[in-house]
Structures are given as structure tokens and as C-alpha cells.
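Residue numbers (the numbering used here): 7 to 414.
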Ligand SMILES: Cc1cc2nc3c(=O)[nH]c(=O)nc-3n(C[C@H](O)[C@H](O)[C@H](O)COP(=O)(O)OP(=O)(O)OC[C@H]3O[C@@H](n4cnc5c(N)ncnc54)[C@H](O)[C@@H]3O)c2cc1C
């Protein structure tokens, strides 16, 4: 009897990357066995829609993007509550926490990151009211707490902390925002940009303390009731929102020959150094052809593209990522767009900035080797399409013309 040519595709992680990869594979390989695993209890939902959910601007139906039935109709086997704890790339088998084995011919690791907990004395798991903000379960718990909370402390200097501050303010809570650095997005914005965000936040009633962290969390009868900061202030609060970055979910790769640095290292085709093992999305430290360097991102559109590309390459195609990622969100009653590369990904980029303080508009452009590679806009974001087009053309812009692109 001829050996079966039916391929077994295993995808660990059912976020945007894993799910889009599975669907891309199915479009071409109608026979293959596709198994999509997650340690969460849900099919794909949109993390970008979690902040609107907190503000009551998106209902559950808008947040969830797939149902188990849709996966079943496509012949994609979705296994929820299935954490993978061991990988053996020689035997080509992944093993779940319950010992179940998943053999594969092609493997995608699309496990993203998990949020760092608040590293302060007193912030123990038995104290109620302290939240990270990454999962659907976090969102529902935070939303419920908002119903009874009056004063929130938010910790962190990046997008997740902002989203929490915004949600709490939206519901009328008093908000104190602790930013360890000198400003919000300290590498993306310069001092002027940071001052503008400070202005925008204070105008809606958010109090910000820079250069401070939580030194200790205080609780009463198992409920959080305040924090002491490293700057010596005591703040009463009944909830704490934590946005202190993520740790990549790569623990199960220990002992495998897969190269891991900040993320799982891949080439431009999202292949790891181990044959038939791919990585995609937030967890992938991929070779970015647009800069000729390895790069790692944390945006939804990047994860969707990575999913489609890795799916295609698992089928034997040779596609690579060449999009311009964009992080697009509100900024209290303003808005922010961060496109392409910034000093978050590549240090030492040349930058030009322009602040229009009366109109609360800010622009910052990043160049590498004379080419526009990234930008940040606050307020008036109409320039975003032009910036993206210019990044894509990869044209060298003579030095005298670089500053002229601002406010043009
Ligand atoms: C609140 C919030 C707001 C955001 N807002 C924006 C925005 O406005 N714009 C933007 O561009 N991006 C935004 N992002 C970022 C964006 O959502 C992510 O970049 C994207 O969802 C990452 O997708 P992914 O597929 O790489 O990983 P993930 O979505 O993280 O999916 C990975 C999945 O794998 C699971 N997993 C991990 N380890 C294992 C294991 N060992 N076994 C089985 N399963 C495992 C995880 O639990 C998870 O379900 C936001 C993120 C959050 C949390």
C-alpha cells in the first residue's frame, strides 16, 4: 500500500498568526490534517477590540472573530485549553501538558507573549483588583471591576497602559498613571512629543507621575487599597491596571535546537533554523528585508500578514514579509499612529520632528541610510498614507529634503 501523502500541519497558538496560517493552508491543501492549538479556552478573538470592549464600544460579538463551527466547516481541528509544554523536533512531536502527543510534518509556532505581572511586594495573586490586559478573560474582569472602582492606578509607559488609563477615565474613575521613564513611548517620541501626550492626558483628567514605579501594593481584606510609589507618594486606589510589556511564550522550546533570542529567530520566509518549523507574529524575530536586519513586532496587521505568509510557505511557497506595520489607536480625545520602524525596533535612527502645539499635532519621521523607514503622528494623522507609500518606495531622500517632509 502506498504511504499516505496527507500532510500533518500543527499550529501552536490560535491568535491572528496561527489562525490565518491555518486558513491559508486549507485554501490550497484541501486534504492535509490541520491542527490548531491554544492554551486559551476560545477561538480567535481580536485583541485590538479589547480596549473598545472596555469602553462599552464593542460587544462580545464584535470581539470574537471565529467560532469552533467555522473551523470545523473548514476542516481545521481547533483544540482549546491545550497548552504545549514539550517539543521534540527530531521526532517531530509536540506534547501537551496532559501528555497528549501531536506529531507533525510542518509546524508553526505562533505563541505570542504573555504580560509581565506587577513586580511589587504586596501584588500577590490572592489580592483582588490588579489586572494585566492581554486576554479576553482580563478584559471581562477589568470591565466588571470598573463597575465598583473609583480610583485606578495605571502602571507602564506604552500602549497597554494608555488603553487602561483611557478606559478607566472613560468610565469616570480618577486615574493616576505611573510611567517609569520620562514620557509615554519614550523611544518613539522626543521630549516635545512626550509633553504633548502629557497635555492631552491631563486635559481629560489623568494625573501622571513620571520616574516612578510601584514600590509596594497595599490591600485590605484581600482587596487592593493603595500603592506606595518609589517616589515616596502614597496613592489610594481600588484597582491597578498593569501594562509592563510581555515575555515571549517560548518555554516549551527549551532543549530544542531552535534559535531563540528575544523571539524565535527566523529567516525572511519565517523559517526557523530547524527544517519544517516556522514562527510567526509577535513571537517571531524575523529577518526583515526592508532593513536588512532581524526585527520583531507587536501589531495586529503584522501578525495577520505573518500568518498568511507562513501558511503559504508551509505549503512550499517562498513568500516574505514586506508590509509597513502600523499601530493605530486613540489617544484620549486625540489619536496616534506609529508606522514602520522606530527606535523601539532599531536604535540610532535619524529623526526629524515637528510640533504644532496650538493645534496639538506632532510628527516625527525616522530615517535609516537616508531612507524614510518609520514615523509617528499625533493629532492630525492624514499624512499616514503618504508616509507608508514613501517607506515602501525605499527611495533615498537627500538630507536637505528630509525636514521639509514634515508639515508638508
Ligand atoms: C489590549 C491589546 C490591545 C492591542 N491593540 C492593538 C492595536 O490597536 N493595534 C495593533 O496593531 N496591535 C494591537 N495589539 C497587539 C496585537 O493584538 C498583537 O500584536 C497580535 O494580536 C499578536 O498576534 P499573535 O498571533 O502573534 O499572538 P497572540 O494573539 O498572542 O496569540 C498567541 C496565542 O498562543 C497561545 N499560546 C501561548 N503559548 C502557548 C502554548 N505553549 N501552547 C498553546 N498555546 C499557547 C496564547 O495564549 C495565545 O492565545 C493589542 C494587544 C492587546 C493585548
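Glycine is no exception: its CB is placed at the ideal position from the N, C-alpha and C atoms.
For residue 294, the enclosing beta strand (DSSP E) stretches over residues 290–294.
When beta bridges are read from the DSSP output, residue 183 appears opposite 160 and 214. DSSP, reduced to helix, strand and coil, places residue 68 within a helical segment of the structure shown. Selection 118, 59, 154 and 25 evaluated against residue 135 yields 154 as nearest (Cα-Cα).
When only Cα atoms are considered, residue 83 and residue 166 end up about 32 Å apart. Under DSSP, the beta-bridge partners assigned to residue 84 are 42. Annotated three-state conformation of residue 284 is strand, per DSSP.
About 4 Å separates the CB atoms of residue 20 and residue 44; that is less than 8 Å, so the two are in contact.
Between residue 144 and residue 138, the gap from beta carbon to beta carbon is short of 9 Å. DSSP, reduced to helix, strand and coil, places residue 173 within a helical segment of the structure shown. For residue 207, the enclosing alpha helix (DSSP H) starts and ends at 197–209. In this structure, residue 179 has its CB at a distance of at least 8 Å from all heavy atoms of ligand 1. Closest by C-alpha distance to residue 287, out of 322, 181, 331 and 64, is 331. Between the C-alpha atoms of residue 339 and residue 123 there is a straight-line separation of about 29 Å. In the DSSP annotation of this structure, the continuous segment of the alpha helix (DSSP H) that includes residue 60 starts and ends at 56–60. Going by beta carbons, residue 169 and residue 348 fall outside the 9 Å limit. A distance below 9 Å separates the beta carbons of residue 355 and residue 374. Residue 299 counts as exposed, since fewer than 16 other C-beta atoms from the protein chains shown sit within 10 angstroms of its C-beta.
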